[in-house]
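Trainee: Its first residue numbered 87, the sequence shown is counted upward by one per residue in our numbering.
C-beta atoms are modelled at their ideal positions from N, C-alpha and C, and glycine is treated no differently.
Dropping a structure here in structure tokens format, bear with me for questions.
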Amino acid sequence: RFLRARKFNLIQSKRMITQCLQWRHQVEGIGIDELYRDMDPFNFSQKEHVFKHWPMYYHRTDKIGRPISIQRFGSLDLNKLYSVVDKESHFRSIIVNCEALTREVLPACTYKKLLNEYPSSEVPKEFPPEFVKVTNAFCIVDLKGFTLSQFWQIKSIARICFGISQDYYPETMGYLAIINAPYTFATIFKAIQPWLSKETISKINILGDNYISTLLEHIEEEDLPSYLGGKCDCDPKDLGNCEKNDIG
87 RFLRARKFNL IQSKRMITQC LQWRHQVEGI GIDELYRDMD PFNFSQKEHV
137 FKHWPMYYHR TDKIGRPISI QRFGSLDLNK LYSVVDKESH FRSIIVNCEA
187 LTREVLPACT YKKLLNEYPS SEVPKEFPPE FVKVTNAFCI VDLKGFTLSQ
237 FWQIKSIARI CFGISQDYYP ETMGYLAIIN APYTFATIFK AIQPWLSKET
287 ISKINILGDN YISTLLEHIE EEDLPSYLGG KCDCDPKDLG NCEKNDIG
């Protein structure tokens with residue numbers, strides 16, 4: 087990942103890895119391993135509050151096995167979130183969610199893909215040379231109802247999030263579909279573009295409300311939540327609705 091992020095420049099890749107290792111050792115004063123032990127990204131005490139005011143979750147996989155990460159910015163309200171969750175806890179939840187992608191989600195999706203490609207009786211003990219591991223996510227950001235005032239609320243923390251993702255978890259976003267983009271998004275994108283690398287920008291597809299055909303090029307209709315135009319509703323008697331079950 088680090089080599090790809092620096093176009094296989096060994097000196098730049100080594101520098102990036104070194105800086106990442108330093109960050110992992112020092113983050114939040116305790117290091118990433120201790121932080122991950124302290125806060126379960128899938129079941130921490132304030133998850134309901136965070137989800138209510140900043141909805142983000144995983145839902146199934148796309149056609150090539152990548153986990154689908156969905157964020158719904160129309161429901162975002164940072165002021166209400168910080169009235170019930172302290173900023174430090176929220177920031178820590180962002181970090182452990184990034185860590186969960188590489189530590190748990192991508193390996194699980196890789197194993198699921200392996201099972202799909204090989205009958206259970208023939209699952210190899212080691213990855214075959216021709217097998218392609220799942221190394222990044224398919225991301226959907228739903229901007230339905232999102233306003234400029236909401237963007238100014240989250241501008242600072244959004245910049246930090248982009249930095250963490252690009253610097254310490256490089257090449258983990260394979261595709262970003264921004265759907266229901268309002269006419270004001272041109273202003274928003276102009277503001278965030280300087281934070282993004284050229285490689286990140288190349289993976290972004292900005293769509294309006296006519297996005298379904300594009301999503302279905304990458305995602306089976308049965309795996310896309312119905313509120314996004316798919317056919318999945320997830321049985322609430324089982325794990326909860328599509329927004330809350332983190333089903334793979």
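Could you check what DSSP says for L229 in three-state terms: helix, strand or coil?
Mentor: In this structure, L229 counts as coil in the three-state DSSP scheme.
Trainee: According to DSSP, is A277 part of a helix, a strand, or is it coil?
Mentor: It is helical.
Trainee: So is T273 buried or exposed if we call it buried at 16+ other beta carbons inside 10 Å?
Mentor: Answer is exposed; the Cβ neighbour count stays below 16.
Trainee: What does the alpha-carbon distance come out to for the pair N202 and Y144?
Mentor: When rounded, the distance between both Cα atoms is 19 Å.
Trainee: Would you tell me roughly how many angstroms separate the C-alpha atoms of Q279 and D119, rounded to the nearest one?
Mentor: Spanning the two alpha carbons is a distance of roughly 32 Å.
Trainee: Please name the residue or residues paired with C318 in a DSSP beta bridge.
Mentor: In DSSP, C318 forms a bridge with P311.
Trainee: Can you tell me the Cα-Cα spacing of Q98 and R245, whole angstroms?
Mentor: Whole-angstrom Cα-Cα distance: 22 Å.
Trainee: Among residues of its own chain, excluding the 5 on either side of L282, which ones have a beta-carbon nearer than 7 Å to its beta-carbon?
Mentor: So the list reads F248, once near-sequence residues are dropped.
Trainee: So, using beta-carbon positions, are D163 and H135 closer together than 8 Å?
Mentor: Against a cut-off of 8 Å, the Cβ pair of H135 and D163 comes out as no contact.
Trainee: Kindly indicate which three-state DSSP category I154 falls into: helix, strand or coil?
Mentor: Strand.
Trainee: Answer with buried or exposed for G316, where buried requires no fewer than 16 other C-beta atoms within 10 angstroms of its C-beta.
Mentor: Label assigned to G316: buried.
Trainee: Can you tell me where the alpha helix (DSSP H) holding G115 begins and where it ends?
Mentor: Looking at the DSSP string, G115 is not in any alpha helix (DSSP H), and its letter there is neither H nor E.
Trainee: Should N296 be labelled buried (16 or more other beta-carbon atoms within 10 Å of its own) or exposed?
Mentor: N296 is exposed by the Cβ-count criterion.
Trainee: From L200, L89 and R90, pick the residue whose C-alpha is nearest to that of P215; which is it?
Mentor: Considering only alpha carbons, the answer is L200.
Trainee: Closest to F159 by C-alpha separation, out of W238, S131 and D228, would be which residue?
Mentor: It is D228 whose Cα lies nearest to the Cα of F159.
Trainee: Closest by CA to C335, which one among K173, I250, R178 and I265?
Mentor: Look at the range of the chain in this structure, 87 to 334, and you will see that residue 335 is not part of it.
Trainee: Please classify P127: is it buried, with 16 or more other beta-carbons within 10 angstroms of its beta-carbon, or exposed?
Mentor: Looking at its Cβ environment, which holds 16 or more other Cβ atoms inside 10 Å, P127 is buried.
Trainee: How would you write the range of the alpha helix (DSSP H) that L167 sits in, first residue to last?
Mentor: Element bounds for L167: L164 to V170.
Trainee: According to the Cβ coordinates, are Q252 and T196 closer than 8 Å?
Mentor: Against a cut-off of 8 Å, the Cβ pair of T196 and Q252 comes out as no contact.
Trainee: Can you look up F224 in the DSSP assignment and give me helix, strand or coil?
Mentor: In this structure, F224 counts as strand in the three-state DSSP scheme.
Trainee: Between which two residues does the alpha helix (DSSP H) containing I180 stretch?
Mentor: Where I180 is concerned, the enclosing alpha helix (DSSP H) stretches over K173 to A186.
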